[in-house]
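Take 1 as the starting number for the sequence shown in UniProt numbering and just add one per residue. In this text, a Cβ means the ideal position worked out from N, Cα and C, and glycines have one as well.
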Amino acid sequence: MFKKVAVVFCLWSLSCFSSLVLAQETHQALVDLLEKNRNVEGEFRQITYTEEGKELQNSEGVFLLAQPNRFVWDSISPFPQRIVSNGETVTIWDVDLEQATQRPLAKTVGNSPAALLSQPAVDVLPHYKVLTLAGNKYRLIPKDEDDLFQTLTLSFKGDLISAMSLKDALGQTTVIEFTNLEHHEGVSAENFKIDLPENVDLIVEQ
(Lines of atoms letter the chains of each structure in order from A; the text may use other names.)
(Lines give C-alpha, C1' and ligand atoms only; values in the text may rest on other atoms or scores of the structure.)
Protein backbone atom coordinates (compact mmCIF):
# COMPACT_ATOMS: atom_id res chain seq x y z
CA MET A 1 0.00 0.00 0.00
CA PHE A 2 2.78 2.37 0.94
CA LYS A 3 4.57 1.70 -2.35
CA LYS A 4 1.39 2.48 -4.33
CA VAL A 5 0.95 5.78 -2.49
CA ALA A 6 4.61 6.65 -3.08
CA VAL A 7 4.28 5.93 -6.81
CA VAL A 8 1.13 8.07 -7.08
CA PHE A 9 2.84 10.90 -5.19
CA CYS A 10 5.89 10.73 -7.49
CA LEU A 11 3.69 10.81 -10.60
CA TRP A 12 1.74 13.77 -9.21
CA SER A 13 5.00 15.59 -8.37
CA LEU A 14 6.36 14.98 -11.88
CA SER A 15 3.11 16.27 -13.38
CA CYS A 16 3.25 19.45 -11.28
CA PHE A 17 6.90 19.97 -12.17
CA SER A 18 6.20 19.51 -15.89
CA SER A 19 3.33 21.99 -15.72
CA LEU A 20 5.55 24.52 -13.94
CA VAL A 21 8.31 24.13 -16.54
CA LEU A 22 5.78 24.50 -19.38
CA ALA A 23 4.31 27.64 -17.80
CA GLN A 24 7.79 29.14 -17.40
CA GLU A 25 8.65 28.33 -21.02
CA THR A 26 5.38 29.91 -22.21
CA HIS A 27 6.04 33.01 -20.14
CA GLN A 28 9.61 33.37 -21.43
CA ALA A 29 8.56 32.84 -25.06
CA LEU A 30 6.05 35.67 -24.80
CA VAL A 31 8.56 37.91 -23.00
CA ASP A 32 11.01 37.40 -25.88
CA LEU A 33 8.36 38.18 -28.51
CA LEU A 34 7.12 41.32 -26.78
CA GLU A 35 10.64 42.65 -26.30
CA LYS A 36 11.27 42.21 -30.05
CA ASN A 37 8.24 44.42 -30.74
CA ARG A 38 9.15 47.41 -28.59
CA ASN A 39 10.95 49.18 -31.46
CA VAL A 40 8.52 48.87 -34.37
CA GLU A 41 6.37 51.04 -36.62
CA GLY A 42 3.56 50.33 -39.03
CA GLU A 43 -0.15 50.66 -39.74
CA PHE A 44 -3.20 49.44 -37.85
CA ARG A 45 -6.90 48.82 -38.33
CA GLN A 46 -9.06 48.77 -35.21
CA ILE A 47 -12.63 47.39 -35.14
CA THR A 48 -14.91 47.16 -32.11
CA TYR A 49 -17.79 44.66 -32.10
CA THR A 50 -20.81 44.41 -29.82
CA GLU A 51 -21.46 41.27 -27.79
CA GLU A 52 -23.74 40.13 -30.65
CA GLY A 53 -20.94 40.58 -33.19
CA LYS A 54 -22.23 43.79 -34.78
CA GLU A 55 -19.56 46.28 -35.85
CA LEU A 56 -19.66 49.27 -33.53
CA GLN A 57 -16.60 51.32 -34.48
CA ASN A 58 -13.90 51.21 -37.13
CA SER A 59 -10.68 53.23 -37.34
CA GLU A 60 -7.35 53.14 -39.18
CA GLY A 61 -4.01 54.80 -38.66
CA VAL A 62 -0.28 54.53 -38.12
CA PHE A 63 1.83 53.93 -35.03
CA LEU A 64 5.38 54.06 -33.73
CA LEU A 65 6.80 52.28 -30.68
CA ALA A 66 10.22 52.97 -29.21
CA GLN A 67 11.99 52.13 -25.99
CA PRO A 68 11.78 53.27 -23.26
CA ASN A 69 7.98 53.34 -23.01
CA ARG A 70 7.41 55.81 -25.84
CA PHE A 71 4.83 55.63 -28.60
CA VAL A 72 2.73 57.52 -31.12
CA TRP A 73 -0.72 56.15 -32.03
CA ASP A 74 -2.33 58.19 -34.82
CA SER A 75 -5.90 57.40 -35.81
CA ILE A 76 -6.43 58.97 -39.22
CA SER A 77 -9.99 57.94 -40.06
CA PRO A 78 -12.85 58.31 -39.49
CA PHE A 79 -11.93 60.85 -36.76
CA PRO A 80 -8.38 62.11 -36.27
CA GLN A 81 -6.94 61.36 -32.85
CA ARG A 82 -3.31 61.43 -31.72
CA ILE A 83 -2.05 59.57 -28.64
CA VAL A 84 1.56 60.26 -27.68
CA SER A 85 3.70 58.97 -24.81
CA ASN A 86 7.05 60.53 -23.97
CA GLY A 87 7.77 57.68 -21.56
CA GLU A 88 6.25 59.34 -18.51
CA THR A 89 2.95 60.90 -19.56
CA VAL A 90 0.40 60.14 -22.27
CA THR A 91 -1.43 62.89 -24.16
CA ILE A 92 -4.67 62.03 -25.96
CA TRP A 93 -5.63 64.70 -28.48
CA ASP A 94 -9.05 64.61 -30.16
CA VAL A 95 -8.33 66.91 -33.07
CA ASP A 96 -11.87 67.71 -34.22
CA LEU A 97 -13.10 68.30 -30.66
CA GLU A 98 -10.13 70.59 -29.93
CA GLN A 99 -9.64 68.76 -26.63
CA ALA A 100 -6.70 66.91 -25.11
CA THR A 101 -6.12 64.92 -21.92
CA GLN A 102 -2.76 64.25 -20.32
CA ARG A 103 -2.27 61.57 -17.69
CA PRO A 104 0.54 59.43 -16.22
CA LEU A 105 1.56 56.51 -18.45
CA ALA A 106 0.82 53.99 -15.69
CA LYS A 107 -2.88 54.91 -15.76
CA THR A 108 -3.14 54.26 -19.50
CA VAL A 109 -1.69 50.78 -19.87
CA GLY A 110 -4.93 48.86 -19.36
CA ASN A 111 -6.95 50.60 -22.09
CA SER A 112 -4.30 51.50 -24.66
CA PRO A 113 -2.77 48.86 -26.98
CA ALA A 114 0.29 51.02 -27.63
CA ALA A 115 0.84 51.65 -23.91
CA LEU A 116 0.61 47.93 -23.21
CA LEU A 117 3.08 47.04 -25.96
CA SER A 118 5.52 49.79 -25.05
CA GLN A 119 6.05 48.57 -21.48
CA PRO A 120 8.81 46.07 -20.57
CA ALA A 121 7.28 42.60 -20.75
CA VAL A 122 8.74 41.61 -17.37
CA ASP A 123 6.77 44.45 -15.79
CA VAL A 124 3.48 43.73 -17.59
CA LEU A 125 3.14 39.94 -17.65
CA PRO A 126 3.16 39.30 -13.86
CA HIS A 127 -0.29 40.93 -13.79
CA TYR A 128 -1.75 38.28 -16.11
CA LYS A 129 -2.26 34.56 -16.40
CA VAL A 130 -0.73 33.55 -19.75
CA LEU A 131 -2.13 30.76 -21.92
CA THR A 132 -0.64 29.44 -25.16
CA LEU A 133 -3.05 29.05 -28.09
CA ALA A 134 -2.54 27.44 -31.49
CA GLY A 135 -1.05 29.50 -34.31
CA ASN A 136 1.54 31.47 -32.33
CA LYS A 137 -1.10 33.14 -30.16
CA TYR A 138 -1.17 33.93 -26.46
CA ARG A 139 -4.12 34.78 -24.24
CA LEU A 140 -3.66 37.05 -21.24
CA ILE A 141 -6.21 36.96 -18.43
CA PRO A 142 -5.92 39.77 -15.85
CA LYS A 143 -5.34 38.69 -12.27
CA ASP A 144 -6.96 41.92 -11.08
CA GLU A 145 -10.75 41.70 -11.31
CA ASP A 146 -10.93 45.49 -11.71
CA ASP A 147 -8.99 45.44 -14.98
CA LEU A 148 -10.62 47.12 -17.97
CA PHE A 149 -10.70 43.97 -20.08
CA GLN A 150 -11.46 40.30 -19.43
CA THR A 151 -9.09 38.74 -21.94
CA LEU A 152 -6.37 39.93 -24.29
CA THR A 153 -5.20 37.75 -27.16
CA LEU A 154 -1.90 38.50 -28.90
CA SER A 155 -1.10 37.03 -32.33
CA PHE A 156 2.31 36.92 -33.96
CA LYS A 157 3.68 36.19 -37.43
CA GLY A 158 7.28 35.24 -36.96
CA ASP A 159 8.77 37.76 -34.54
CA LEU A 160 6.32 40.56 -35.36
CA ILE A 161 2.96 41.13 -33.73
CA SER A 162 0.10 40.76 -36.21
CA ALA A 163 -3.04 41.33 -34.12
CA MET A 164 -4.53 42.04 -30.71
CA SER A 165 -8.03 41.14 -29.55
CA LEU A 166 -9.48 42.60 -26.34
CA LYS A 167 -12.76 41.54 -24.74
CA ASP A 168 -14.10 43.98 -22.16
CA ALA A 169 -16.49 43.56 -19.23
CA LEU A 170 -19.46 44.64 -21.41
CA GLY A 171 -18.85 41.78 -23.83
CA GLN A 172 -17.51 44.06 -26.56
CA THR A 173 -14.50 42.87 -28.51
CA THR A 174 -11.90 45.15 -30.09
CA VAL A 175 -9.70 43.62 -32.80
CA ILE A 176 -6.55 45.44 -33.91
CA GLU A 177 -4.75 44.23 -37.02
CA PHE A 178 -1.17 45.38 -37.66
CA THR A 179 0.29 45.64 -41.18
CA ASN A 180 3.46 46.86 -42.90
CA LEU A 181 5.44 46.49 -39.69
CA GLU A 182 9.14 47.26 -39.58
CA HIS A 183 11.77 47.11 -36.86
CA HIS A 184 13.88 50.19 -36.22
CA GLU A 185 17.07 50.78 -34.23
CA GLY A 186 15.74 53.82 -32.37
CA VAL A 187 14.27 57.20 -33.29
CA SER A 188 14.62 60.78 -32.12
CA ALA A 189 12.86 61.85 -28.93
CA GLU A 190 11.36 64.68 -30.98
CA ASN A 191 8.88 62.18 -32.40
CA PHE A 192 7.27 61.89 -28.97
CA LYS A 193 6.74 65.58 -28.27
CA ILE A 194 3.27 66.92 -28.95
CA ASP A 195 2.68 70.59 -29.73
CA LEU A 196 -0.96 71.44 -29.13
CA PRO A 197 -2.50 74.45 -30.88
CA GLU A 198 -3.55 77.32 -28.62
CA ASN A 199 -7.24 76.61 -29.25
CA VAL A 200 -6.99 73.11 -27.74
CA ASP A 201 -8.39 72.70 -24.23
CA LEU A 202 -5.88 70.59 -22.24
CA ILE A 203 -6.98 68.65 -19.15
CA VAL A 204 -4.14 67.33 -16.97
CA GLU A 205 -4.90 64.34 -14.74
CA GLN A 206 -2.69 63.17 -11.88
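Once DSSP output is grouped into helix, strand and coil, what is the label at residue i?
i           : result
residue 204 : strand
residue 127 : helix
residue 35  : helix
To the nearest angstrom, how far is the alpha carbon of residue i from that of residue j?
i           : j           : result
residue 96  : residue 196 : 13 Å
residue 106 : residue 134 : 31 Å
residue 35  : residue 121 : 6 Å
residue 201 : residue 136 : 43 Å
residue 87  : residue 73  : 14 Å
Looking at the secondary structure, which residues open and close the alpha helix (DSSP H) in which residue i lies?
i           : result
residue 106 : Element bounds for residue 106: n/a, residue is neither H nor E.
residue 117 : 113-118
Sort out for me which residues DSSP pairs residue i with in a bridge.
i           : result
residue 94  : 81, 99
residue 192 : According to DSSP, residue 192 bridges with nothing at all.
Where do the ends of the beta strand (DSSP E) carrying residue i lie?
i           : result
residue 134 : It is not in any beta strand (DSSP E) - residue 134 carries neither H nor E in the DSSP assignment.
residue 160 : 160-168
residue 154 : 149-157
residue 59  : 55-66
residue 182 : 173-183
residue 186 : Premise fails: residue 186 is in no beta strand (DSSP E) and is neither H nor E.
residue 43  : 40-49
- [ ] Decide yes or no for the touch test of the region 37-53 against the region 179-189: beta carbon pairs closer than 8 Å, at least 3 of them.
- [x] Yes, the region 37-53 touches the region 179-189.
Open item on the list: Counting beta carbon pairs with one atom in the region 167-175 and one in the region 142-155, are three or more of them shorter than 8 Å?
Closed with: Touching, yes, given that three or more Cβ pairs across the two stretches are closer than 8 Å.
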